[in-house]
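Enquirer: Once you've had a glance at the structure underneath, I'll fire off some questions.
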Amino acid sequence: MDHTYWHKQTPGEALYPDLLWSRPQHKKQAGKLLIVGGNAHGFAAAAEAYAEAGQAGIGTARVLLPDSLQKTVGRIFEAGEYAPSTPSGSFSQQALAELLDLASWSDGVLLAGDLGRNSETAIVLESFLAKYPGLLVLTGDAVDYFIKTPASLLERENTVLVLNFPQLQKLSTSIHFATAFTSQMDFLNLIKILREFTEQYQTAIVLRHNETVFVALGGLVSTTKTPAGTEVKLAAHAAVWQLQNPSKPFEAATTSLV
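Residue numbers for the sequence shown follow my numbering, beginning at 1185 and rising by one.
So, in C-alpha cells, the structure goes:
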C-alpha cells in the first residue's frame, strides 16, 4: 500500500526543522491573533487559548468575550474586550460588527469555544464565516455550531478544525462523506480516510485520538504521539504557527505539536 502521503513525527523532534529555525525573533513580527469565546457561564476556553498562544510565541493576542462577562471578568482578565450579548449571555447578532473589526486587525482568528448554545450566536458565526476571508481556527463547541450545516466550513480555505473523534464522525455523516469514521477503524485505515477526506474538502483537520494527534490537509497526513492535552491548547498552538507560516499550513500545524 502506498503510504507516501503519511508523515510520522517523533515527539520533541520537528519533522520540519526549518520552521523552527525561521521563527520570528521579535514580537512585532510574530503575528496578531484574535481569540473569541465565552458566554455568561464561563470563559475558560478563551482564557486557556490566550495563555497557550503566549506559550506558542504569538506577538499580540486580543480576546473578544460577550459583554455578559464584563462585570465578573473585567477586573481579573485584562486582555478581554467585549461585544454585545443576548439575554442568556452569549454573543448576539450585534456582536458581528465588533468581531469583523477586530478580525481585520488580526492575522488570524481562533474560535476557542465555550460559546454556549444560542440561535443568535449561530447566526453571528455563520455570517462571520461568510464575510471573513482570513485564517480561521475552530475548536470546542465552535465546531458543533456547523455540524448540521458543514459545507460552508469544510469547503472554506484557510481553515483549521481542531476536534475530537465524535465531532469528526458527526461532520462526515452530515456532509454525506462516502466512508464512515468508526471507532473500530484501525490506525492505518484512519490515516487513509483522513487523506481522502482532505482531498475532497479544503479545511485542515487536527484530530486528537488514542494518544496521537493527526494533522490532515490536502491529502497529506502527519501523526505525532503526544501526551494528553486539550483541544484548546492544540488549537492555540496551531493558530500561532499557521499565521506565522501562511504559505506552509500543513507543515505549520504539524510543527505546532513539537
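Heads up, the beta-carbon is just placed ideally off N, CA and C, and yes, glycines get one too.
Going by C-alpha distance, which of Glu1415, Thr1439 and Ala1306 is nearest glutamate 1232?
Expert: Of the candidates Glu1415, Thr1439 and Ala1306, the one whose C-alpha sits nearest the C-alpha of glutamate 1232 is Glu1415.
Enquirer: For leucine 1166 versus phenylalanine 1227, is the C-beta spacing smaller than 8 Å?
Expert: Lying before the first or after the last residue shown, residue 1166 is absent from the chain, which here runs from 1185 to 1442.
Enquirer: Per the DSSP calculation, asparagine 1223 is bridged to which residue(s)?
Expert: Answer by DSSP bridge pairing, in chain order: Gly1226.
Enquirer: Specify the secondary structure class of alanine 1245 as computed by DSSP and reduced to three states.
Expert: DSSP places alanine 1245 in strand when its eight states are reduced to three.
Enquirer: Is the beta carbon of alanine 1240 closer than 8 Å to that of serine 1440?
Expert: For serine 1440 and alanine 1240, yes; Cβs fall inside 8 Å.
Enquirer: Quick one: what's got a C-beta closer than 7 Å to glycine 1403's C-beta in the same chain, skipping five residues either side?
Expert: Closer than 7 Å at the Cβ level, and outside the excluded window around glycine 1403, lie Tyr1189, Arg1379, Thr1382 and Glu1383.
Enquirer: Our contact map puts threonine 1292 next to glutamine 1426 with C-beta atoms below 8 Å; I'd like the distance itself, whole angstroms only.
Expert: One point to set straight first is that residue 1292 is glycine, not threonine, in the sequence displayed. That belief holds up - the Cβ atoms of glycine 1292 and glutamine 1426 are roughly 6 Å apart, short of 8 Å.
Enquirer: Quick one: measure Cβ to Cβ for alanine 1224 and glycine 1273, integer angstroms, because I've assumed they're closer than 8 Å.
Expert: Contact flag correct, Cβ pair sits at about 2 Å.
Enquirer: Is the CB-CB distance between leucine 1338 and glutamine 1278 below 8 Å?
Expert: The answer is no: Cβ separation not under 8 Å.
Enquirer: Valine 1397 to valine 1346, Cα distance in whole Å?
Expert: So the two alpha carbons sit approximately 10 Å from each other.
Enquirer: If we ignore side chains and look at the alpha-carbon of each, how far apart do alanine 1306 and glycine 1243 end up?
Expert: Each residue's Cα considered, the two are about 30 Å apart.
Enquirer: In whole angstroms, what separates the C-alpha of tryptophan 1289 from that of lysine 1216?
Expert: One C-alpha to the other measures close to 8 Å.
Enquirer: Considering only the alpha carbon of each residue, which of Lys1354, Asp1251 and Ser1367 lies closest to lysine 1332?
Expert: Taking only the C-alpha atoms, the option nearest lysine 1332 is Lys1354.
Enquirer: Which complete beta strand (DSSP E) runs does the region 1337 to 1364 hold, if anything under 3 residues is left out?
Expert: With a minimum length of 3 residues, the continuous beta strand (DSSP E) runs that stay inside the region 1337 to 1364 are 1343 to 1347.
Enquirer: Under 8 Å, do glycine 1221 and glycine 1318 count as touching if we go by C-beta distance?
Expert: Going by C-beta atoms, glycine 1221 is not nearer than 8 Å to glycine 1318.
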